[in-house]
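full-length UniProt numbering puts the first residue of the sequence shown at 1, with every later residue one more than the last. Don't be surprised by glycine CBs; every beta carbon is placed ideally from N, CA and C. Fair warning: this is a prediction, and the values are worked out from it, not measured in the lab. One structure is given here, and the rest of the page talks about it.
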Amino acid sequence: MRQLNMLYHFDVEQDLMDKATGFIQLLHRMQECDRDLVQVVRDAMKDMQGKIADKTNEAIEQYQKRNEWQCEMYQNSMKTAALRYTNMINDMRGQNITLYYDVIVREMKG
């Protein structure tokens, strides 16, 4: 008796990457608000001089860089999580099976 091992898919695979889209859109909105806040502070500080103004400008620069980095990190994390979720769901749609069969040979009558 021969056998064939294979993965049988019960359903078509799905792309579930859109699960991250809503969260990523919120991150983009947060970045926009951050940029607006930084611009408001910069506009308020543009005519000021001195140590306090220099420290404030330095702090706002660091704040903006840190927030941009964090938003990128969270976007990548969400994309990775959505990909892992997609793979898990698609893996559950399949089952390893073993088929056992006999080969039957028919002779042609001539």
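Straight-line Cα distance separating residue j from residue i
i, j, result
"Ile60", "Lys79", "29 Å"
"Asn87", "Met6", "18 Å"
"Met108", "Asp102", "19 Å"
"Asn76", "Tyr8", "32 Å"
Where the alpha helix (DSSP H) containing residue i begins and where it ends
i, result
"Arg29", "21-45"
Opening and closing residue of the beta strand (DSSP E) in which residue i lies
i, result
"Arg93", "Counting along the chain, Arg93 falls outside any beta strand (DSSP E), and DSSP gives it neither H nor E."
"Gln3", "2-9"
Proximity below 7 Å, CB of residue i to CB of residue j
i, j, result
"Asp34", "Asn57", "no"
"Tyr74", "Gln3", "no"
"Cys71", "Leu27", "yes"
"Tyr63", "Leu16", "no"
"Asn90", "Glu32", "no"
(message) With three or more beta-carbon pairs closer than 8 Å as the criterion, would you say the stretch 87-99 touches the stretch 28-48?
(response) In short, these stretches do not touch, since the Cβ pair count stays below three.
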